[in-house]
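If you count the sequence shown from 1, position 90 lands on 84 in the working numbering, and the numbers rise without skipping. For reference, the structure discussed in these notes is given below.
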Amino acid sequence: MTEDAIAGGRLERLVPALERLTGARLRVWRFDGQAVRPLAPDREISPTWTPPLNGQDAGRRLDTPQGPAWFEPVREADGVWLEVGEQGAGSREQESAALAQIIGSVLGAERDAAQVAAELSERYEEIDLIYTISEILGHTIRLDEAAQRILSEVSTVVRARRATLLVHDPEQRVLRLVAARGMEPKTVDPIEVDDPCSVAARVFREMRIVSYDPTDAKAVNPGCPEGRNYRGQAFLSVPVLYAAPGARGRPIGVINLTDRLGEDAFTAGDRKLVAAIANQIGAAVENARLVARDLSQQRVRRELELAHDLQLKL
């Protein structure tokens, strides 16, 4: 439901009550930048006549099909006007201003309530995401399976259609793809950690978030003129860090997100959320490596025991 619909529903009940108290005919209009539309009452009915108003006019008297009326701008809400039908002689300017203030207070309260509801909804999504990832990590041992599910959950919450998770291969000194969404994994080559044109490599080396918003005129394009460039789409690249107890964090991978639904740029909230998730992924990657190392050592010990037993039998 839109903000106009929520506010209009409240005004549908308020305006008739104010009409009974004042004895005047009231109507609320909104100028949306293109046309003037009724907000209350009867906001669902297309009017045959609309007043010539915009967002900057001062209060004034106009002739309407129902007779002369005073149109008072609602200062607390941009583009909103209160029509007060005049009855008999005399000026209703002071009364109209007071009524407009009441309408503005209601619209302001509805706007604040809608903003709080939206923020609570976002916080719920973030908390649910962290809980979901904790569940995934608690029930999944294989790194590739956990990484794919985590990447899918993260990209859904931040509304990114494409995402990749790269993990550092210390022997080859490259970042290797372990999970992808919205692209074919086979098309992503390993990235050398010293690559000067790769944003992911830079994020890994510098252990800091790099984001790009092409709609921001002041944003510096992080690509290289002679190499990769990232014009046209915003992206978010976050380092995956792991810190052993009492030790300084070290980079072990990178999360890349791009091709966002809706507004292209990633928000500060998106950056904070993905950074928190990256720390969880870092612990999962390191745990998976420890498990793989332990299994490898167990296999070697079994092979040595078998060889020892064979020697004793000879």
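Heads up, the beta-carbon is just placed ideally off N, CA and C, and yes, glycines get one too.
- In the three-state reduction of the DSSP assignment, Ala91 falls in the helix class.
- Measuring C-alpha to C-alpha distances from Ala195 to each of Val100, Tyr236, Lys180 and Val248 identifies Val248 as the nearest.
- Burial check for Ile144: the Cβ neighbour count within 10 Å reaches 16 or more, so the residue is buried.
- By the CB criterion at 7 Å, Ala140 and Ile130 fall inside the cutoff.
- Annotation for Gly263: no residue places its beta carbon closer than 6 Å to its own, counting only its chain and skipping 5 residues before and after.
- In the three-state reduction of the DSSP assignment, Ser99 falls in the helix class, which pools H, G and I.
- By the C-beta criterion, the region 166 to 180 is judged to be in contact with the region 142 to 157, since at least 3 inter-stretch pairs fall below 8 Å.
- Residue pairing by DSSP places His162 opposite Leu169 in a beta bridge.
- When the alpha-carbon of Thr252 is set against those of Gly102, Arg265 and Asp163, the nearest one is in Arg265.
- Residue environment for Ser146: exposed (fewer than 16 other C-beta atoms within 10 angstroms of its C-beta).
- For Leu56, the enclosing beta strand (DSSP E) begins and ends at Arg54 to Thr58.
- A Cβ-Cβ distance of about 12 Å is found for the pair Val22 and Leu47, leaving them out of contact under the 8 Å criterion.
- Straight-line spacing of the CA atoms in Asn250 and Glu165 works out to 22 Å.
- Val78 is not a Cβ neighbour of Ile97, given a cutoff of 7 Å.
- DSSP, reduced to helix, strand and coil, places Leu145 within a helical segment of the structure shown.
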